[in-house]
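Structure first, then comments.
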Amino acid sequence: MPKFRIEGGNSLCGVIDIQGAKNSILPIMAATLVADGECVIENCPDISDTHTALEILKTLGAQVKHRGNTVWVDCRNVLDYEIPDSLMRKMRSSVIFLGALLSRHGKAVISFPGGCELGPRPIDLHLSAFEKMGVAIREEFGSLFCNGQTLQGCEIPLAFPSVGATENIMLAAVRARGTTVITNAAREPEIEDLQNFLNEMGASVSGAGSSTVVICGVDSLTGCHHRVIPDRIVTATYLCAVAATRGNALLRNTCPRHNTALLSALRQAGCEIEERGDYLRISCDFLKSARRIRTMPYPGFPTDAQAPFMGLMCVAKGSTVFVETIFENRYKHISELQRMGANITPEGRVAVVEGVKRLKGAPVQATDLRGGAALMIAALAAEGVTEISDIYHIDRGYERPEDVLTQLGAKIQRI
Ligand code: EPZ
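Residue numbers for the sequence shown follow the numbering used here, so the first one is 2 and each next one is one higher.
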């Protein structure tokens, strides 16, 4: 199995371009199912989750072509409405195809989704919303059989601002009868990107980015041409990598306003950050603790940046208290960081990090996508060589990280 071999100690300096957003491209790929026409999607990240989403679309009967970071998808001949278990298990976000399949066929069969082990990953908010829209859902042998010939728009108050549930409801509602109003909706930028994609197809969606999203059902949708927004979590990851090595770098093709909570935490930790248009410059001479990091729904500190930022705080002066409020079990990376000499005390959803002078390279294992990113950051700052195994987790969300980091002067190889 491939590994990353990283020799730490180099300050990362130079210029890199940020990839398109993984958490945008996945719902957008699902959205192509509701279009009667070809969709052209630019700035599509070349990562394994994208490949899995394309596999699902091809399995359903879509025509798919992809060259570099552009993807062409034509779902006009899609007749199938069942996603094979093997593909569902490859990533949790495959549940996002449910809403789109219901929009297109009025029925769908999926098995329970897989993905990062971040604690229980229920989909009760998705399913109860669909039932409110008139979908009959039967669970048998680990699969969900969903039937709703005509979806009816309605008011859907979400008990929690779930990103996936907000997106799934939008996809089910775009061709439903009447209007759907989602209250307590998630406000992540990827939801606004999905709204823009759907409206470019001729949908009538408004309010994304706020807590109330309104979808007026239409009869049909055409293909469209769309450019995916930058990945704000990949941006956060490379900012932390530069800061952890006391470097100085320019990140292009970003969207600084999507990272306000993270940027203020980095400034609190002593980083100099310049924001201009679509680029961010970061430099860091003296790194201190950010004192307290509490993950929250957007626009709060993103849960996906918790692990990368923890990797950074392991080598900051002072102690940082992390509180992970979104997922139950998102500290699996702690034991691996401790193998490198990190001083971290986890207690339920809280973890206290005491920064150390130097981490030591060691053999470690990626536990999930962002936990793997934390290990890369720690390894870049550590003394000596680190080998990270199970890097398929990292490949799910980061486009060739070894090339990007090498461009900044890191000593990293995929072996
Ligand atoms: C999306 O996952 C992202 N994935 C996650 O990114 C991200 O961590 C998460 O949103 C929160 O921002 C994609 O967009 C593909 P949620 P999602 O529904 O939609 C509970 C990454 O690293 N919940 O907002 O699954 C759930 O258990 C990934 O890129 C229910 O209880 O997140 C969790 O505790 C990891 N019932 C919380 O809500 C439901 O029906 C947040 O989940 C749905 C969710």
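Every residue, glycine too, gets a C-beta built ideally from N, C-alpha and C.
Determine the burial state of K358: buried for a count of at least 16 other Cβ atoms within 10 Å of its Cβ, exposed for fewer. exposed
State the beta-bridge partners of D75 as determined by DSSP. E39, Q64
Could you have a look at E403 and say whether DSSP puts it in helix, strand or coil? helix
Distance check for K108 and C147, CA to CA, integer angstroms please. One C-alpha to the other measures close to 5 Å.
Hey, could you find the ends of the alpha helix (DSSP H) A192 is sitting in? With the sequence shown as reference, residue 192 is identified as Ile, and Ala is not the correct amino acid for it. Its alpha helix (DSSP H) spans residues 190-201.
If you measure from the CB of R93, is any heavy atom of the ligand EPZ nearer than 7 Å? At least one heavy atom of the ligand EPZ is nearer than 7 Å to the Cβ of R93, so yes.
With a Cβ-Cβ cutoff of 8 Å, do S94 and G21 count as a contact? no
Less than 7 Å separating the Cβ of E193 from some heavy atom of the ligand EPZ? Answer for E193: no, Cβ out of range of the ligand EPZ.
For N24, which three-state DSSP category applies? helix
Check whether the Cβ atoms of P300 and T261 sit closer than 8 Å, and answer yes or no. yes
Distance cut-off 7 Å: L126 Cβ against heavy atoms of the ligand EPZ: yes
Rounded separation between T6 and A367 - CA only: Per the sequence presented here, residue 6 reads as Arg, with Thr not at that position. CA-CA distance, R6 to A367, rounds to 13 Å.
Those residues which DSSP pairs with H227 across a bridge: I42
Contact under 8 Å by Cβ, K318 with S336: no
Just to confirm, does I216 get its C-beta within under 7 Å of one of the non-hydrogen atoms of the ligand EPZ? For the ligand EPZ, not one heavy atom lies less than 7 Å from the Cβ of I216.
What alpha helix (DSSP H) runs, 4 residues minimum, are completely inside the stretch 235-315? 261-269, 307-314
Which residue comes first and which comes last in the beta strand (DSSP E) that contains D18? Here the beta strand (DSSP E) through D18 covers 14-18.
Sorted by chain position, which residues of the same chain lie with C-beta nearer than 8 Å to E140's C-beta, five sequence neighbours on each side aside? F146.
Need the endpoints of the beta strand (DSSP E) that F146 sits in, please. Note, F146: beta strand (DSSP E), 144-148.
Under three-state DSSP, which class holds R6? strand
Opposing strand residues paired with R233 [DSSP bridges]: Its beta-bridge partners do not exist; DSSP assigns none.
Three-state class that DSSP yields for K361 in the structure shown: strand
Could you tell me the distance, in whole angstroms, from the CA atom of C285 to the CA atom of G362? The alpha-carbon atoms of C285 and G362 are separated by roughly 22 Å.
Using a threshold of 8 Å, state whether the C-beta atoms of M2 and S390 are closer than that. In this structure, S390 lies closer than 8 Å to M2 by Cβ.
Beta bridge counterpart(s) of T167 as assigned by DSSP: Per DSSP, none; premise fails for T167.
Using 8 Å as the threshold, is the C-beta distance between L99 and L152 below it? no
Sort E56, V175, M341, T180 by Cα distance to E156 and report the nearest one. T180
If we count Cβ pairs, one from each stretch, closer than 8 Å, do we get three or more for the stretch 72-87 versus the stretch 23-40? yes
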